[in-house]
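Working notes, beginning with the structure itself.
Chains as they are written, first to last, in the working numbering: chain A, 6 to 118; chain B, 2 to 114.
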């Protein structure tokens, strides 16, 4: 099993450009999450999806949109990137009902110039 | 507002020392408290605690939760250079329609040879 995979690993954008970060999991988890991590900070929740077809805002959703394409895939889109969105983005997944731990992907390092 | 506070934010010790990392929290829907280790990449799971007073152990690492005083500690004995990492404390607040983890800022632990 690959676990949680993310693409791309690195990306540099100019202000105003758009892009989509991809995430997939092969553990048959129902819940998926997007976090961002800034220097000296813990992870902050952007959006989550408790099941296929549902998405909800987390702590810092402004400037982002998400799509739960199917049970395996959960994408994060930046429509008009801003320098404040320079960060490392982590995708995670788990079985919500069992309350077990979240498994994290390797992260995407995004720089917006 | 849900809050997780870790202390100290950074710690430098010598190999062989014992360290204690602290985590206090205030959340409205507590489900569990989790510890993760992060070494310049994705956080990796260490422990999940749901009940007060029950110590979880894994080799040289152990952790305990106090739900009355709202804190947890992570102990590492006989530290090794490979223990150098950022240790993240997170509280699972899922329930009542919400989901996700609230993270502290982390403790940056450096083990000197």
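No residue lacks a Cβ here, since even glycine has one placed at the ideal position from N, Cα and C.
With contacts defined by Cβ atoms closer than 7 Å, residue 52 of chain A and residue 45 of chain A do not form a contacting pair. Contact check for residue 71 of chain A against residue 81 of chain A passes: the beta carbons are separated by less than 7 Å. In the three-state DSSP reduction, residue 63 of chain B falls in the strand class (E or B).
The continuous beta strand (DSSP E) containing residue 4 of chain B extends over residues 4-8.
Around the beta-carbon of residue 115 of chain A, 16 or more other beta-carbon atoms lie within 10 Å, marking it buried.
Within its own chain, the residues whose Cβ lies closer than 7 Å to the Cβ of residue 82 of chain B, once the five positions on either side in sequence are excluded, are 16, 112, 114, listed in chain order. Only residues of its own chain outside the window of five on either side were considered, and among them 6, 71, 72 have a CB closer than 7 Å to the CB of residue 25 of chain B, listed in chain order.
The alpha carbon of residue 92 of chain B has as its nearest neighbour, out of B/60, B/38, B/50, the alpha carbon of B/50.
Secondary structure of residue 61 of chain A (DSSP, three-state): strand. Residue 106 of chain B reaches chain A at 45, 46, 47, counting residues in chain order whose Cβ is nearer than 8 Å.
One finds 95, 109, 110, 111, 112 in chain A with Cβ atoms closer than 7 Å to the Cβ of residue 43 of chain B, taken in chain order. In terms of Cα proximity to residue 53 of chain B, the closest of B/18, B/40, B/8, B/31 is B/31. With a minimum length of 3 residues, the unbroken runs of beta strand (DSSP E) contained wholly in the stretch 69-114 of chain B fall at 72-77, 86-93, 102-104, 108-113. Around the beta carbon of residue 54 of chain A, 16 or more other beta carbons sit within 10 angstroms, so the residue counts as buried. Check the Cα spacing between residue 76 of chain A and each of A/35, A/91, A/10: the tightest is with A/35. In terms of CA proximity to residue 43 of chain B, A/14 leads the group A/33, A/14, A/103, A/24.
Rounded to the nearest angstrom, the gap between the Cα atoms of residue 106 of chain A and residue 46 of chain B is 7 Å. In the structure shown, residue 90 of chain A falls within a helical segment according to DSSP collapsed to helix, strand and coil. Within 8 Å of the CB of residue 106 of chain A, the CB atoms of chain B belong to 35, 46, 49, in sequence order along the chain.
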